Every structure is written in C-alpha cells, then in structure tokens.
Amino acid sequence: MTDDIILKFTNADLLIDDSAYKKIVEQEHSNQIVDSLIKDLSGSNDNLIFLTEPIVDQYIQKYLSKYDPQNYANQDSDIIEEMYNEINNNKTPRNKLLDVPFDFHVIQDATKKSYTNGEIKDFSAYFNNRFQKIKAMLIKKPGLKDSYPMKDVGVRDDVVNVIGMVNDIRNTKNNHKIMEIEDETGSITVLIHNENHSLFELAESVVKDEVIGVIGSKKGTLVIASDIIHPSVPRIDEKKMDFSAVFISDIHIGSSTFLEDAFKRFVKWINGDFGDEEQRKIANDVRYLVVAGDVVDGIGVYPHQEEELTIKNIYEQYEEAARLLGDINDIKIIIAPGNHDASRLAEPQPAIPENYAADLYKIKNAEFVSNPSLVSLDGLKTLIYHGRSFDDLAMTINGLSHQNSDLIMRELIEKRHLAPIYGERTPLASEFEDHLVIDEIPDIFHTGHVHINAYKKHKGIHMINSGTFQSQTEFQKIYNIMPTCAEVPVLNKGAFKILKFT
Amino acid sequence: MGYFENLEEETLKLYEIAKEARLKGHDIELEPEIPLAKDLAERVEGLVGPKGVAARIKELEDDISREEVAFLIAREIVTKKDVEGREDSIEVQEQKSDQAIRTALAILTEGVVAAPLEGIAKLKIKRNFDGGWYLAVYFAGPIRSAGGTAAAMAVLIGDYIRISLGLDAYKPTDTEIERYVEEVELYESEVTNLQYSPKPDEVRAATKNIPVEVTGEPTDKIEVSHRDLERVETNNIRGGALLAIAEGVIQKAPKVLKYANILKIDGWEWLGEFSKTSDPKDDDGDAPKVDDKYMRDIIGGRPVLAYPQAKGGFRLRYGRSRNAGLAAMGIHPATMEIVEFLAVGTQMKIERPGKGNCVVPCDSIDGPIVKMKDGSVVKVESEQQGKKIKNQVDEIISLGDMLVPFGEFLRNNHILLPAGWCEEWWVQTIENSNLYSEGDMDIKSLEKANINSKRAFEISEKYHVPLHPKYTYFYHDITRQDINQLVTFLHENIGISDINMDINGGNGNAPKEEDSLNNDPSTGLTIKMGPEKRILEVLGVPHQVVGENMIIAHDHAYSLLKTLNEPITFSDESTTLESINKVSPVKIMAKAPIYLGSRVGRPEKTKERKMKPAPHSLFPIGTNGGSRRNIVDAAKKGIISVDIARCKCTECGVGSMQAICPVCGARTVPTSSGKKRINLANLLKKAYKNVGVRKIDEIKGVIGMISKEKFPEPLEKGILRSKNNVFTFKDATIRHDSTNLPLTHFIPREIGVTPQKLIELGYTNDIHGNKIEDEEQMVEIKIQDVVISDNCAEYLIRVSNFIDDLLEEFYGLERFYNIKSREYLIGQLIVGLAPHTSAGVLGRIVGFTKAACCYAHPYFHSAKRRNCDSDEDSIMLLLDALLNFSKVYLPSTRGGRMDAPLVLSSRIDPEEIDDESHNIDAMSKIPIELYEKTLEFAKPSDVLDLVDNVKKRLGTDDQYHGLIFSHETSSIHSGPKLCLYKMLPTMKEKVDGQIKLAERIRAVDQKGVVEGVLMSHFLPDMAGNSRAFSRQKVRCTKCNKKYRRIPLSGECVCGNNLILSISKGSVVKYLEISKDLSQRYPIDNYLIQRIELIESGINSLFESDKSKQSSLDVFL
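Okay, here's the thing in structure tokens:
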C-alpha cells in the first residue's frame, strides 16, 4: 500500500514529504483521497510539485466535506406517502407551469437506428465502438493520459499503463485475481494481489466486457496491477427543478396479477382527483410521467404464460394500456419498452412498434423512445433503462442483488455502461454504435425490471427504480421475491417522494 | 460342452491370439487390456477393486442380499486397520473410504455402469465448525449414469462409512443450506430439468439432515450467488451433488428409508416426510385419469398417433410376442405401413403403462380399421394389404392393437387396465363354461378359425359365452341415440333383395356351408347411404361403397341385425353397452374398454459409429492435415510439430513416441508429453512399408490427443482402417450402434441361418422338442446370441477384414476371420457395450435382420443395463476390442472411462442383471382369471400367482429356456424398415407428413397437433435461438479456438478468420414453416401473434433499418 501511494504520486510527477505522507495514510480512504488529490492538482493550474502537510491537510478537510456520503436512506419513512383518503371533488387548480409548453426533447434514442445485419463484422464493430467510446472517457483521466497500446507492453519498461476491455476475471488457487484484458492490438494478463486489499476489493466489482484502465508493473508475462480505473462520473451539480416528474415501470397490463385498481387510483391522483391536499398539490406540479418498460405483460415471454394472462392478445393488451393511460390529462408521457413489450428482445430495444400499440400512439402527449434512451425533461437529462442487465450483475458481483438495484445502478454509472456483460442473460444486438454506453451524464437515472423500488443519490444523480404495478407472481412466489407494488416515486421539485397506491 | 463353456472356450481362443499379437510390443501394454469377468463379483473387482474382493463378495452373497453385501464390504474395507490396534491416519482413512464407496456402489450397480468410477470424485474427512470430524462425499456429473436409486444409496453408503469410522455428522451452516437451495433452482433454470424438482423446503430439510456432506466437483460454468463459502471449494454448480440430493435422496426417499431400516442406520427418520409422495400412478381401484404427459412436447416430424384415451387410439391387448418385452410392444405391421411413421424399432412415447416403448411387428393381433377414399370401411388384416391400400386411405378409424406384456404393467407398477375383448380370451370363456365338455370342439383351432357370424351366435348361445370378438363392434364409442337411429335405419332399408338376411333362424339364401365366411357383397346387405354411415364407421363395421349404396357383408350384417334386434330403451342411466346387452340375445363385451394414447418418439437406428469428424487413427497431427485432418496431407509437410507423448527406451534411453524404440527395438515407457517435432513423412513411409500398402489418399487423424499420456496409435492401424473403410472411436475400438430390441425365439430362415449352422452353434431342438432340421422351425434363442442388422453385418465384415490385415501385416500372425460373405459372421463373438457403462457383455452373432436394430435376448440387453424403449448401444468384434482397445487412449477428463470396455462379462447370470428383465412374461397365454382381474384394475403385484415370468424361474435351469410367448409373429422384420421421418429430407416435409397424418387419424385432433408442434417445438426453438444469437460465441475456422466474445482485433490469435457459432440460418430455420402453418390451419390467435412477434424480433436482428429505408425509397 505504501508503495502504491508513493507510486501514484511518482506517476503524477509529484513529490511528497514525510509528514504529508503520514497524514494521508492515516485516513480511512487514503487511496481515494490520493486519487482525488492527484486529480485535483493535475486539473489546476498551479505548478505544484512538492506536497507538504498543510497542503494535504487542507485538501483532506475539503475532501471529507465534499464526499461525506449523503445518505438518502432507501425508502425512508418520511418520503413515503400513503394514499388513503379520497376527498372532495373540487379540483385543486393546476400549477401555472402547465401553461408553459413542454421543453421535451430526445437526446439519444436507438429506434429506427438498427443497422446490424447480424454478421460477424457487426459483432466486431459493436465491441470496438464500445471500447473506443469508453476509452475516450478513460484517456482523459489522470494516470491514463500516458496509456499505450497493449502490443507495446512487451517492449516498454516496467510501468504498465493501458486501457482495455475485460475478457475474463477469476480467482486463482491462492485467491488472487487474474484478469485478462485486451485492446485491438493485443491482450495482457493482470494479477491483482490479495494483499493489496483496497485494490482487490475494487476488483471484486470488475465484470467481463467492461472497459477499464490498468496501471501496474510487469513481472514476467504477468502485469501486477497497482490501480484499476473505471471511467466513472464526476459529481454533478443539482439542477433547479420547479416541477414534478413521476416514474413508473412494470405495469404488466394483461396479466392476471396486474393491480388495476391501484393503477386507476394512480391515474386519478395524477389528474388531481385523489389524495389529500398535499398529495394533490404534488400531482398538480407533475409535468412528466416516465414509463421504463413492461407496459404490458406481453405474450409468449415465458413458458405457459397464457395461464397467467387475463388478456391473451398483445394488441388488446396495448388497447387496454391506451384506455388506462389515455385518462391522464395534460402530462407528457414518455414510454420505453421492456422485455415484456412487443419490441425485439435484444438491447437496445427500439420503441414499442406503432403497429402493435396503435391506440397508445394516439394519446396526444405520449412519446415513444427506445430502451435505453436519454431525454430532456425541461432541461433535466433523464436516462431511461428497463434494467435487464441487473440479472447479470446481481449474479456476477458479490453483494449485489435485485433488492438493492440502487447499488447496481451505481456500478453501471461508474462503468459508464448499462449492460456490460456479454453472453449471459442480456441479449445484445450487434449495432455499429453501442447505445448502451452512458455517453452523457444524466441528472436522473430511471430503471425498473426488478419490481422493487430503490432510490439513491449518487454524485448528484437521482437513481430511481420505480417498482411495479403487478402483485407477486407465481414465479416470484417460488423465489420468495417480495415486490413493492404500486409505490410510485416522484421527484417533486428536486425532492424525492414515494406515493403508495395500494 | 455347455453353451457357456463353449462361449468361454472361444473367448479364450481370441484372448490367446490377442496376447500373441500384443507380445510383439507394438502397443503400450503387452497383453489385452480387458479383463474377463465371469460374474458380478469379478466385474466389481475388475472395475474398481480392491484385489480379492470378488472372493469375499461371493462368500457373503450366499447368505445376505446384494444390498447388504455392498454395505458390509464397505464397512470391512474402512475398518480393517493398516496396523492392528492402531488408528489409521486421516489420509489413509480417506483412501479407504474412497475405495469402500466405489466398491459398494459397483456392487449395487451390478458392476456395469461407470458411476462408481466416474460418478464419485473423492471422499474427504473435514471439520465441522465445532471441531468435530465428518465425512464429505464429492460427486461428479456421471453419477447420473447410476440412476437415482444408486445415487441415493451412495449417500447412504457414505453415511455407513462415516459411522463405521466413528466420525461426527456433517453440520451445515445456514448459508451452506441456502446455497444448495439456490443451486437446485439455478441448475433447473440454467442447465437442465431434474427428474424430480424438489421444493426449496425439501432441499433445506434434506441438506440439513443428511449426515454426510454431499458436495462435488463443479459441473457447469454457472456461478452461484452464495459465494466463497469456507467449506465449499467451488462457486460453480455442483451437478453431481444436486443429482444425488434431488433425484437420489429426495426422490427415492422410501427406498433409502427402507435400507436405512434394514441396515439399522440411525439418523434418517426424517425421510419419512418425503416417503409420502408415492408414485401417482399407483392409484388403485378406479379407472385411470387421462395422462397426457407424453403429449407435453409435440416435436416437429414426430406425429401424435392418438390423443390420451381418445376413441380410435391403440386398443390394449395383453400378451407378449417373441420380439416383445422389456419395453418393446407389438403393433400390427399393417398399422405401421399405413401410418408410415412407425418402423421396426421406432420409439413411441405412450400414455401408459410406461413412458415409452419400441415398436415391434406382431401380426396375430388386430390391425387397423380404415376408411378408404371411396367411403368403404376396411379392416386391414395383413402387411401386404396395408401396403397395397395405404395410398387410398382417407381416415384411420382405429389404429388396431398394441400388444402389451403383463410385465410392462408390473415393471411400471401401473394398475392393470381392462383388456380389449379378443379371441384368446373368448376361447377361454368357452373352456370355462359349465356347458362345455372336453373335446366338444378343437379349442386351439377355434381361436384362429375364421368362423362365420351365424356360428358365432350359435356357440355363444350354446355355451352362454359372450359373442366372438370379430362380431363385437365398438359399441361403447357411440351413444344410445346413435344405436336406435341405426336400428331404425337398418330396418327401414332392408329391401327386397335382402330378404335372404333372415336373421331369425330361417334359411333363405344364407350361405349353406356351416363354417365358411361370406364376404361377398352380392349376398350382403345393400342399403342406401345416409348419415347413419358414420355410426357404422365408428362401430368399425366393414362395408363397401358402390355408387349410392353401402354394402355390408353378410356376416357383419347378420351379427349387427341379430345383436340389435330391437330398439334399446332409455329408461335408465345405462351405458350404450349395458343397454345393448339388454336386447342382445348373447352377451356383448367391450371391444376396447380403454384406448392408449401415443406419439412417435425417436426413430430407429442402425449405423456405424463415427466421431465428428471421423478418424481412422488416433494419431495427432494438429492443424497440419487441414479441415479433413488428413495424415497424408500433413505428411507432405515433412516435419510437423504436435503435442504428443514422449517415450524413453528402457535399454538405450533414446526418446521416441512409440512403444518400441526405433533405434534398438527394445520397449519404451512414456515419460511425459509435450510439443514435439516429428518427421511424419518418414513415419508414414515406414508405416506404409510395414503393412505392405503402397499409398492411400486419405488417412484421417486427430488434431490432438485428449488422453493424459497423449500416446498415439501406431500409424499402421490407421492405414489399415482407411484401407478397409472403417473408423475408430475414442478408445481405438470400432463400433456399430443399433436400437435394442428383444428376441426370445427365431425362425432360422427369417434370420438367415441354416439348421446345420445352428447345430454347430450348439442348438439342438425347436420349441416343441423336435430336432432342428428345417429352417421353418421355431427355436428359442440362447441368451448371449444376437441378431444383427444387415447394415451392421456389412460393417463388421469390413472390420473383420481390417483385423485380418492387422494380424497378418502388422502383427505378423495368421489371418483369423477370413470372412468372404456375411454367413461367415455367424458364430463370431462380439462385445455389447452401452454408453454410461464400463463393462462389455460377450455376445455371439446368430443371424441377421432387415430391421434397423439389434435383436437379442432381453437378458443380453439387460446385462448392459439397457431396456428396449429406443435405447441404442454398440457392438464391436471381440478381437478388435482385445487387440486395439487401450486405456491409454481414454480422455483424462471426467467421464472419460464411460462407454469403454474396462471389463468383459463373459457369462450372463439372470440373477445378476438389472431386475427389469425379471418382469418378462413367459406364458403361452394370458389366463382368463387375469383378464377378469384387469377389469377390476387390479395391481399387477397382487395377481402374480396368475402369471409365469422370469422372476419365478430365477435360480433354476428354467431361467435359460422355456420363456414362451403368447402371440405369434410370422416375421420379426415385417413392416417398414425405415420410418417416414428418416425418409423425408426436410423438416417441412416431415411436418407436412405429420399434419397430414393427424388429419387422417380419428384419435388425433389436427389443430391440436399443429399448435403443439408450434408451441413445444418451433416457437421455443426460434425464441431460444434468437436469444442465443445475441449472446453467442465465435470460433476460428482454422484452429477451432472458441471465444466467448469476438476479440477487439476481430481475428483469432492464430491470425485466421472467426465465424459465428450460431448462424442466421439456425435462428430462422422454422420461421417460414411456422408462418405457413399459421396461415393454413385455424390455430389459436395467441400462437399467431407469438409467431409475428418472433418474426419482427428476428427481422430487427438481421435487417438493417438502412436497407429497409432504401428499399422503401424505391417505391416512393
């Protein structure tokens, strides 16, 4: 560890005196602080090359205040609002914002941009695009500025500084980690020593096919890693928000377990006809409703699904969806598909096709986008992703589970990719452009799929999983999964709330 | 000399030749590597050891059951201390436990299956968190081959060893238990379904209570989320352990509990909870419910022949023909001809009594009743007739009989089902009649006699017995209204010309001759067609259509009118049959009280075994031989570099890769293996010279050896195999695979053997005790004799030529077989070997069949642990196995020793083979009491006093002969030899054929079949493949290296091109046919939409939006 820290400073062309060094190693997150400090310094214009204790101390204070984890306790009691009482008929007047035209536009969308022919060159193009996109982010990182192609690892001197895509990562017999990474010029094998605790821990979350930077030193044919760098995101400033946005997903219309009554209450509320005064006030601020996939239950999604359907016709399912959502007034509805919808299964999924959901398309304020997609809601960039890849990440990374999709979302943001793992449960279409790379940093990251609500703020990004309107299914019963039903997340002028419609 | 002694003498002769050949030193071992074992005890010793255990097993066997022997031996092995009075070390205890469990498991599995070798990885003594020592059993994937019971017993043996060693019980932590729960679920969702899916709580209960740790090797690449547990070495799925728990301990709980009680092993009482779930088929007393399990998947091209219990399906006929039993069941060859999708040996999935069977021809049972295109209804009586009319068939009204041996009900522990009314039952009712006195009639000929209807009624009236089956129609399949409609119709339409149909006893123009039949239409009943025709069709009354009229032949008209001589009444709740019996002068029995549903399963097979690609020689040439792996091409490169064994000369120390030192000619020993440059051109030149072959265009080798030592075969063997056009398997033997079928008796002519030859082979008498002198006599087959297919014979001749060449040119010995035509094969010894087993069974060729199968005594199949529901396995020439088989070639991976002849059973002891074969019927007729019991849905085990079967003969000389049959078969290879499935080249044609057949069979709903094929075959296939497409691997066209994901460089490390492992073709292969079906048939809208969705998904993956736009542009 000592060596690591000194090495990092050395690599950054910085010198450090003893007392400053001591100060750093005393800190709990010394490694992160070092990284952050180096980044900070290299970003500034001061030509500092010698670090003393006061400089370091000052920085540590700043760091701690800035990175003190804001704990938005998941489903904290004071953000959940139970909707009991249906009161009076006199409508609360709509927020004046309603008169303001929607400032809605689609920033990124994959619909009608499927250019693959399913040939091997398309697969090659797809992964190269992913690599280049994320490499471009990584190369800006301090520490990776000097990265070089892997074919040169053999000819260079000891220090290794590369960017690559993970081929494989596994534990050795002696419980170190061995990772194989590649770029377009070659591949190297990287060893992560288990005595390098912080790095080893970091490596626990590395998954196949993500793109990372590796710094280390050569030892024979192996590279001993001293640091692994994710593309990550910087902390963003919170944008001002003077309206409300509502997030739902996994409605599963057509299923016998769809909670129709709760959904109707929800629609009533959003129209300002349900809830107490406070709740209706929130409703009246709502300008946007985002639906992150699985609008309907679909057909043929899993074996013997017909036994659990009340509407066994995909067209009629969407007609029913149009009937239910069509009651919503004056709100822009943004709809993305999920794995139950009538879009192709492979991601990116184009928007729900109009020929299947004709009535839905007739709704005046409905917008149809792909999964994933990035849209702007009055200036708030919202990344919508259904969440199929959660299945893979929960299986792969220790400690991640469907119950805590906020943790998974954080990983995805750090990796800057929505479905990094190839070849497991998430089918990926070999498009020329990898639409699943998180190119732009969103203000809001909205997902679904797991049927369990989650919320966390990560580096200023609101990460929301919007639960479901489907009660526990047979499948979930077997696996003892308890869905959070009809609990709707709302961003009310920047504050997170959950409204219950059960 | 007795049969077995004779076989053994011949066997030893071959061993001598092989020994002599091996002594020349060209092979890695100096003697044949397949030890001979006379019985179970010797097989166990040969397969797993320890030395001397055979004698001990034989000693114990006399007094206690085989299961008890197994447990006792296990205890003896672990408790015998290395040093008297001193505790063995942990390591030694582990070693002994390992030996003990393998030996015990081998005893339980008859020393045949590979599970004791391959199914258990190791045993370990480990520590509980409270410090106590416990035993852990590590299972591996191949435990599957042992079957659920043996897997469960392995766990119990483990516990018995644990107790014998005085170890503590395994105390799992909660996380460890939850890991099992997760693994079971993961296994089922990601790997394959278990035979029994335990509920999470069942898994919890089992893993918590099993006193040993049931763990194992990782079998699949899938990781669990309960990771890095201290005591569980792998994060991957442990398939073997899960099988042992779910299909073993949990599914077979009653058996485990039973043995735990017998052996007084404590700590298994909790299993009582599981034992309650008994076999659902074991419901007694009542008519069975519809069982449509066999219909769950309807596969494209494999037609449904009858819906569950659907009218017109197979009629249940009890009995066994000489080619039935052990899950093979008889069907009339005319039925096989007309449905076309059944040939000799085709598998059927059936509704009951078991899950599946194999079809064998039997022409002494009822054939199908069909409606011709002109409207005539014909009862098809012969294969010839079936062949002739099959193109004119419009509807298959009845499929005819399925001949099911009583033993099949016993084997499956399935209640007896009511028997169809048949001649052999009818004659027994006469014999049993009080009014009958011995000698009144020749009963034996009466059974076969074609008696006319008048006489049939006379007999019934005279002896008070039910009406002859031939004149008993399927009355229960129509309503009482139908009956009366028919009665009215018939009586209204009896015209002037029919006055001769004087049914009340007058003579008229009725045929004078007492016993002759009258099917002449001119004397039949002629009536105008009406809607009542359908009633006649359903009843199965044959009639002809001539113009506007139907003509019912005299005999049938007579019986119909006589039976239905007045309208029936509706005053009560009686069934049609009960109502008819109120008016009929004689008793009418139910013609088909139950129908059996079925669908076609796997087609029959007989084919030489070829690996893909098929090598002539196990000689590694890397990628030097091109995609065809041609050694000749590789040799053109001169020196090539390959991964191969290094051998060192015991005399001069020179390194080589052969068993004989190329310098001094002394023996070598393999030392290691690795990349080595070899002068292949030289080696090949020498090898050509050694065997006197000038040049061959193609000798196929392998890319690399998969064995541990990587010791290559001598090139000479490859040259000679190529010369004779035969191919080798991974263990250097040459195999031929066929579907197994049973045979207890044969006619010399039908299997192409002369009486002279039979006598040479030790046959003396036919079944009647007469001396064999005529090729038409019926002879009981000897238990290790086999009848091979024509295709197999042709291949074995080539193999024998190869062996002769090998003996003469390579080993410098005399030619042995000298086979000029296939008759020379008769009397030659072969080895039968089934996959998942490691013990070959000695057999002898006695004849040939045109059918695509291998007919042999049921004991022979059972000795290989096979039955005859389409199991297939291999045979090889004994001398080939002895000369060429070597353990050194076997793959070093888990399961590598399966399907290899590690030991040869020279003698079949019916007591030591799978007890399935003990249920084989040995009766010349089904006794009337048994027929009557079938009407009561009796349990087969409750009526055993009425039957004769193998079990009753075990241990006596009668177990070898006198296994007589009840139903004759004029030829064991009548009916098609190739089912339509195999003749039609494309899936589209197969499916078309399947659907056309569905349209023609009355017992099948065509729409249901179309939907079934789509739902259980095409849609899942397309959905699965398009999902798989988007997460597929790629592979190199040259070196075959596989990549989980395409490398960023876009090419293989070897510099060559990569290709997709799942092509567009495999994704879309069923799309057109599915769409076509959905348009042509009125199928469920749900399915139509599913097809549409899949199609748009597929299009999105394979059609660029750009090209769609541009193609649109053309029109704009």
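Respectively, the protein sequence lines represent chains A and B.
Just so we're aligned, residue 1 is where the first sequence starts under UniProt numbering, counting upward by one.
Just so we're aligned, residue 1 is where the second sequence starts under UniProt numbering, counting upward by one.
Think of the CB as a built atom: it goes at the ideal place given N, C-alpha and C, for glycine as much as any other residue.
If you're wondering where the values come from, they're calculated on a predicted model, not measured in any experiment.
Requested in this report: Sort B/Gln777, B/Leu743, B/Thr744, B/Pro742 by Cα distance to B/Ile759 and report the nearest one.
Outcome: Per the Cα distances, B/Gln777.
Report task. Return the chain-ordered list of same chain residues with a C-beta closer than 6 Å to the C-beta of B/Lys1064, the five sequence neighbours on each side being excluded. Result -> Phe1102
Report task. Name the two residues that bound the continuous beta strand (DSSP E) containing B/Cys649. Result -> 639-649
Query raised in the report: Just checking, does the segment 386-396 of chain B make contact with the segment 366-373 of chain B on the three C-beta pairs under 8 Å criterion?
Result: yes
Requested in this report: Report the residue from A/Glu204, A/Val160, A/Gly387, A/Lys173 whose alpha carbon sits nearest the alpha carbon of A/Ile188.
Outcome: A/Val160
Query - Sequence-distant residues of the same chain with beta carbon closer than 6 Å to A/Ala486, five excluded per side - result: Leu259, Ala262, Phe469, Phe501, Thr502
Query raised in the report: Taking Cβ to Cβ, would you say B/Cys362 is nearer than 8 Å to B/Thr969?
Result: yes
Query raised in the report: Roughly how many angstroms separate the alpha carbons of A/Arg344 and A/Phe368, rounded to a whole number?
Result: If you take the alpha carbons of A/Arg344 and A/Phe368, they lie about 15 Å apart.
Requested in this report: Assuming B/Thr606 and B/Ile580 form a contact by the criterion Cβ under 8 Å, report the distance between their Cβ atoms to the nearest whole angstrom.
Outcome: Between B/Ile580 and B/Thr606 the Cβ distance is about 48 Å, and since that is not below 8 Å, they are no contact.
Report task. Give the single residue among B/Lys1069, B/Ala1028, B/Lys1075 whose Cα lies nearest to the Cα of A/Ala429. Result -> B/Ala1028
Query raised in the report: In terms of alpha-carbon separation, which member of B/Ala136, B/Tyr475, B/Leu720 lies closest to B/Arg694?
Result: B/Leu720
Query - Cβ distance (whole Å) where A/His451 is taken to contact A/Asp250 below 8 Å - result: 6 Å
Query raised in the report: Do the segment 374-388 of chain B and the segment 880-893 of chain B touch if we need at least three Cβ pairs shorter than 8 Å?
Result: no
Query raised in the report: Which whole-angstrom value describes the C-beta separation of B/His967 and B/Leu596, a residue pair presumed to lie in contact below a C-beta threshold of 8 Å?
Result: The Cβ separation is near 17 Å, so there is no contact.
Query raised in the report: I think A/Ser255 touches A/Leu325, with their Cβ atoms under 8 Å apart; what is that distance to the nearest whole Å?
Result: With 8 Å as the limit, A/Ser255 and A/Leu325 do not qualify as a contact, their Cβ atoms being about 16 Å apart.
Report task. Taking B/Gly1097 as the query, report the chain A residues whose CB atoms sit under 7 Å from its CB, ordered along the chain. Result -> Arg344, Leu345
Query raised in the report: In chain order, what residues of the same chain have a beta carbon less than 6 Å from the beta carbon of A/Gln75, not counting five sequence neighbours either side?
Result: At A/Gln75, the pLDDT of 41 sits below 50, so the modelled position is not reliable; the number obtained from the coordinates is stated separately. None.
Query - B/Asn740 - DSSP class collapsed to helix/strand/coil - result: strand
Query raised in the report: Which runs of the alpha helix (DSSP H) fall wholly inside the segment 402-464 of chain A and span at least 4 residues, in chain order?
Result: 405-415
Query - Length at least 3, wholly inside the segment 348-405 of chain B: the beta strand (DSSP E) runs in chain order - result: 356-361, 369-372, 377-379, 393-398, 401-404
Query - Spatial distance of B/Pro511 from B/Leu525 (CA atoms) - result: Confidence at B/Pro511 is low in this model, with a pLDDT of 41, below 50, so the placement of that residue should be treated as unreliable; the coordinate-derived value is given next. So the two alpha carbons sit approximately 14 Å from each other.
Query raised in the report: Nearest chain A C-beta to B/Ser433 closer than 8 Å, yes or no?
Result: Under the Cβ criterion of 8 Å, B/Ser433 is not counted among the residues facing chain A.
Query raised in the report: Between the C-alpha atoms of B/Ser829 and B/His745, what's the straight-line distance to the nearest angstrom?
Result: Checking the sequence shown, residue 829 of chain B turns out to be Leu, not Ser. Distance between the alpha carbons of B/Leu829 and B/His745: 20 Å.
Query raised in the report: Where does the unbroken beta strand (DSSP E) through B/Cys853 begin, and where does it stop?
Result: First-last of the beta strand (DSSP E) with B/Cys853: 853-856.
Requested in this report: Rounded to whole angstroms, what's the CA-CA distance from A/Gly275 to A/Glu440? Just pull it up for me.
Outcome: Approximately 37 Å between the Cα atoms of the pair.
Requested in this report: Have a look at B/Val69 and B/Lys38 and give me their C-alpha separation to the nearest angstrom.
Outcome: 18 Å
Query raised in the report: Since B/Gly300 meets chain A, which of its residues come closer than 7 Å, beta carbon to beta carbon?
Result: Chain A residues near B/Gly300: none, gap ~18 Å exceeds 7 Å.
**Report entry** Nearest residue (CA-CA) to B/Gly955, options B/His918, B/Ala100, B/Ala938
**Finding:** B/His918
Query - Distance, B/Arg66 Cα to B/Pro303 Cα - result: 43 Å
Query raised in the report: At a Cβ cut of 7 Å, what residues of the segment 416-450 of chain A count as close to chain B, listed as they run along the chain?
Result: Tyr422, Gly423, Glu424, Pro427, Leu428, Ala429
Query raised in the report: When we look at the beta-carbon of A/Phe50 and count the other beta-carbons within 10 Å, is it buried (16 or more) or exposed?
Result: exposed
Query raised in the report: Listed from N- to C-terminal order along the chain, which residues in the segment 105-136 of chain A have their beta-carbon within a distance smaller than 7 Å of any beta-carbon of chain B?
Result: Listed in sequence order: Lys112, Lys113, Ser114, Tyr115, Thr116, Asn117, Gly118, Ile120, Phe123, Ser124, Phe127, Asn128, Phe131.
Query raised in the report: Per DSSP, what kind of secondary structure is B/Ala18 in: helix, strand or coil?
Result: helix
Query raised in the report: With 8 Å set as the bound, which would you pick, yes or no: does the beta-carbon of B/Phe1102 sit closer than that to a beta-carbon of chain A?
Result: Yes, because at least one Cβ of chain A sits closer than 8 Å to the Cβ of B/Phe1102.
**Report entry** Exposure of B/Thr650, with buried meaning 16 or more beta-carbon neighbours within 10 Å
**Finding:** exposed
Query raised in the report: Where B/Leu135 and B/Ala106 are concerned, what is the direct C-alpha to C-alpha distance, given to the nearest angstrom?
Result: 20 Å
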